[in-house]
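A.B. asks: Would you mind keeping the following structure in view while I ask a few things?
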Amino acid sequence: MTMAFETAWAAERKKPTPDTGQWYHRQKDHVLGWFASQVTRGGGAYTRAKPNTSARTTYNRLLNPAMPLWIAEALGEDPDVVQQAGEKALTVPPRSRTAAARKILPWNRIVELANALQTPQSPG
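Convert by adding 171 to the 1-based position in the sequence shown; the result is the number in this note's numbering.
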């Protein structure tokens, strides 16, 4: 993940806020836990009436701006694009950051990246 975003995000996490909640040391753990919990009815503050089985819906429900950056990076997105998304996220108020990152890393781009990993590349 981009160093500028990681540094700014680390500073942000140290600020006490009403929505501080649980912090993960690795975004991979956070992303995997979030996606895995969506197919259940959840628990505690995250209880839902109906399990969610849509990856698109899950992606669009992300609230932590580091999560779409990690997903895109893990799928092989151009580092400059990930950097741009992280920088954009830091220019808006905290509750708008994930939406700002998703404007640069929309669901259709995540699908393209995932499909590219599944499709064997033919020799040049």
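The C-beta atom is built at its ideal place from N, Cα and C for all residues, glycine as well. A quick note: this is a predicted structure, and the numbers were derived from the prediction, not measured.
Give me the residue from 239, 260, 265, 219 with the minimum Cα distance to residue 279.
C.D. replies: Your numbering for residue 279 matches position 108 in the sequence shown. Nearest option by C-alpha distance: 239.
A.B. asks: Let me know the secondary structure DSSP gives residue 210 once reduced to three states.
C.D. replies: Looking up residue 210 in the sequence shown gives position 39. Three-state DSSP puts residue 210 in coil, outside helix and strand.
A.B. asks: Here's a check: name, in chain order, each residue in its chain whose Cβ is nearer than 8 Å to the Cβ of residue 218, leaving out the five neighbours to either side.
C.D. replies: Start at 1 with the first residue of the sequence shown, and residue 218 comes out as number 47. Excluding residues within five positions, the ones whose Cβ falls inside 8 Å are 212.
A.B. asks: Alpha carbon to alpha carbon, how far is residue 243 from residue 284?
C.D. replies: Within the sequence shown, numbered from 1, the residue matching residue 243 stands at position 72. Within the sequence shown, numbered from 1, the residue matching residue 284 stands at position 113. Between residue 243 and residue 284, the C-alpha separation is close to 8 Å.
A.B. asks: Mind reading off the beta-carbon distance from residue 202 to residue 224? Whole number of angstroms is fine, and I expect it under 8 Å.
C.D. replies: Counting from 1 along the sequence shown, the entry for residue 202 is found at position 31. Counting from 1 along the sequence shown, the entry for residue 224 is found at position 53. Contact doesn't hold; Cβ gap of about 17 Å is too wide.
A.B. asks: Between the alpha carbons of residue 275 and residue 253, how many angstroms are there, rounded?
C.D. replies: Indexing the sequence shown from 1 puts residue 275 at position 104. Indexing the sequence shown from 1 puts residue 253 at position 82. So the alpha carbons of these two residues sit roughly 8 Å apart.
A.B. asks: When you compare the CB positions of residue 259 and residue 272, do they come within less than 8 Å of one another, or not?
C.D. replies: For this step, residue 259 is matched to residue 88 along the sequence shown. For this step, residue 272 is matched to residue 101 along the sequence shown. Cβ atoms of residue 259 and residue 272: closer than 8 Å.
A.B. asks: Residue 222 and residue 268: beta carbons closer than 8 Å?
C.D. replies: Against the sequence shown, residue 222 aligns to sequence position 51. Against the sequence shown, residue 268 aligns to sequence position 97. Not closer than 8 Å, so no.
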